[in-house]
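Engineer:
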Amino acid sequence: MRNTVQRDLIYKVVCDSSDHPAAETVYARARAVMPNISLGTVYRNLKLLVSLGKVREIPLASGGSRFDKTVMAHAHFRCRVCGEVTDAEVNSIDALAEELRSGSGFEAESTEVMFTGICLKCRAKEKKAV
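Residue numbers for the sequence shown follow the working numbering, beginning at 842 and rising by one.
(1) Can you tell me where the alpha helix (DSSP H) holding Gly-958 begins and where it ends?
(2) How would you write the range of the alpha helix (DSSP H) that Glu-898 sits in, first residue to last?
(3) Applying the 10 Å Cβ sphere with the 16-neighbour rule, what's the burial state of Phe-947?
(4) For the pair the segment 920-937 and the segment 877-889, tell me if three or more CB-CB distances fall below 8 Å.
(5) Alpha helix (DSSP H) containing Val-922: first to last residue?
(6) Straight-line CA distance for Val-874 to Lys-910?
(7) So, with DSSP's three-state summary, where would you put Asp-849?
(8) Under DSSP, the alpha helix (DSSP H) around Ala-929 begins and ends at which residues?
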């Protein structure tokens, strides 16, 4: 499969993002560079990039997804106040998968760990409001 200019741009947008953007955010950023790109093109290419293992999809319990340039297993944190998704520094994801395998015999093929709570910025805002 050959790369297209649109796919290359979408991949670059995700790789240049540190905020785990939603498809609509990827679309807005790509459109700033290529005004004629369509939202459908962004969705199709994100799906393809995920299937090729170049981008990781982070499904959210509230619906929708975010996209991440880091495809290896790692944890995320989602703020329930502002909705920001960030990488969570957790050293034991591999240990959890091993514990699952040794305890139940299940073999994990992928891992999704999502912590939900209040980020530092929102917590600081709440403290100021009190």
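Ideal Cβ positions, reconstructed from N, Cα and C, are used throughout, including at glycine. The model shown is predicted, which means the values in this text are computed figures rather than measured ones.
Structural biologist: Reading it off the structure:
(1) Careful: Gly-958 lies outside any alpha helix (DSSP H), inside the beta strand (DSSP E) at 954-958.
(2) Looking at the DSSP string, Glu-898 is not in any alpha helix (DSSP H); the run it does join, the beta strand (DSSP E), is 897-900.
(3) exposed
(4) no
(5) Where Val-922 is concerned, there is no enclosing alpha helix (DSSP H), given that its DSSP letter is neither H nor E.
(6) 19 Å
(7) helix
(8) Ala-929 -> not in any alpha helix (DSSP H); beta strand (DSSP E) instead, spanning 926-929.
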